[in-house]
Structure formats: structure tokens, C-alpha cells
Amino acid sequence: MSRIGKQPISIPSGLDVSLNGSVLVFKKGNATKELDTKGNVNVEVKDGNITFASKGDDRQSRAYWGTYRALANNIVIGLTAGFTRQLEINGVGYKAAAKDKVLELALGFSHPINYELPEGVEVSVEKNIITIKGSDKQVVGQVAAEVRGFRPPEPYKGKGVKYVEERIIRKAGKTSKK
């Protein structure tokens with residue numbers, strides 16, 4: 357069983373963390389994030405650390421313990437360093453362009469795909485690599501998954517949109533009978 361909930365989260369300098377009832381409030385500059393624990397875990401902020409403790413010894417309490425610790429850690433990392441996902445476009449005539457809050461994709465369809473970016477997400481395009489940046493891990497991952505979903509990579513030629521670290525397992529094409 358994972359013991360991730362036991363590890364304290366150190367608060368980096370420049371990040372203010374406060375506890376309002378069961379809501380953790382993270383502030384850095386003008387960016388503010390909140391994590392509502394809904395009273396499922398005991399939270400303590402002191403000496404530059406955030407510690408979580410399980411409310412009970414049942415299975416659900418232990419699950420909340422690790423989950424809320426991981427969510428809080430993701431908020432701390434997001435506000436200090438940020439999260440990044442990279443997508444690669446492969447295919448003849450496939451291209452992408454970032455304009456304001458819209459990602460314009462040409463993926464072999466008869467029409468271009470204009471994807472509206474959610475608040476707090478930045479996209480940059482360099483050749484065939486799309487870089488998605490943001491402070492919320494869930495939103496960055498969701499945007500990357502939705503963009504990939506427009507044209508997932510196919511196994512024969514590898515055309516489509518894939519994650520940079522993703523490996524496409526190739527299939528052999530048809531063979532002729534003689």
C-alpha cells in the first residue's frame with residue numbers, strides 16, 4: 357500500500373498557504389488556488405510544511421489521505437514550476453498554429469479544427485511539436501488528450517497526433533498473394 361500521505365509537503369518561498377476551515381488556500385502573486393478537503397482529512401500548516409493525517413483507519417479514509425496530499429502537491433508544483441505536455445504531429449500536410457486563445461489544426465480533414473483553449477493554458481507551436489503549459493495538471497492533461505483525440509496516431513504509417521514520449525507499435529501492411 358502506498359504511504360504517500362505520510363510525506364509532508366514543503367512550502368517553497370514566495371508561496372503563501374493558509375487553512376480556512378477545511379479549505380487549503382494557495383497564493384503566489386496574483387494566482388490563487390483552493391483545495392477543498394471537505395473534512396475528509398486532517399490538515400496542518402506549520403513550520404513551512406503541510407501535513408495530512410487520516411481521519412480514520414477505514415479504507416476510504418486512507419484513500420482520501422493520499423489523494424488530498426497528491427492534489428495539494430500538484431497545486432504547489434503547478435504554482436511554482438508549472439506543468440508541460442508535448443504533442444508531436446506526424447503526417448503530410450498536418451500542421452498546427454497558435455493564435456491568441458485558439459489552437460488551429462490542419463489534420464487532413466476537409467476543414468480546419470479550431471480548438472478554444474481554457475483559461476490558464478498556454479500553447480506554443482514549433483515545427484511539428486505542440487507544447488501545452490499551465491499551472492493545473494488536470495487541465496493541461498485534458499487539453500493534451502483532447503488535441504490528441506482529434507487525430508490519434510494510426511499503427512500503419514504512424515500518422516496523427518501523439519505524445520512526444522509515446523511509442524506507436526507499428527503493424528505490417530497487407531501482403532500480396534502469389
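Just add 356 to the spot in the sequence shown (first one is 1) and you have the numbering used here. Glycine included, C-beta positions come from ideal geometry on N, C-alpha and C.
Terminal residues of the beta strand (DSSP E) in which residue i lies
i: G490; result: I485 to G490
i: N429; result: Not the beta strand (DSSP E): N429 falls in the alpha helix (DSSP H), residues R415 to T436.
i: R359; result: No beta strand (DSSP E) contains R359, which DSSP labels as neither H nor E.
Sheet register partners of residue i (DSSP bridge)
i: D392; result: V379
i: A452; result: L461
i: S366; result: N405
i: V479; result: I488
i: I469; result: L461
i: V517; result: I445
i: T440; result: K489
i: S374; result: V381
i: E400; result: T407
Sequence-distant residues of its chain with Cβ nearer than 8 Å to residue i (five each side left out)
i: A387; result: L435 and S491
i: I433; result: F439 and K493
i: I360; result: G422, R425 and A426
i: K384; result: G370, L371, D372, L435 and T436
Close beta carbons around residue i, own chain, < 6 Å, minus the five adjacent residues each side
i: S417; result: S410 and K411
i: V401; result: V373 and L375
i: I486; result: L443 and A452
Beta-carbon separation (whole angstroms), residue i vs residue j, contact threshold 8 Å
i: G497; j: R441; result: 6 Å
i: Y519; j: L443; result: 6 Å
i: N446; j: G516; result: 7 Å
i: P474; j: V499; result: 7 Å
i: I488; j: V479; result: 6 Å
Sequence-distant residues of its chain with Cβ nearer than 7 Å to residue i (five each side left out)
i: G404; result: S366 and I367
i: E472; result: K457 and V458
i: P468; result: E460, L461 and A462
i: V397; result: F408, A409, S410, K411, Y420, W421 and Y424
i: G529; result: Y512
i: K389; result: F382, I431 and L435
Span of the alpha helix (DSSP H), counted from its first residue to its last, around residue i
i: S495; result: Note that residue 495 is Val in the sequence shown, not Ser. Run containing V495: K493 to F506, per the alpha helix (DSSP H) assignment.
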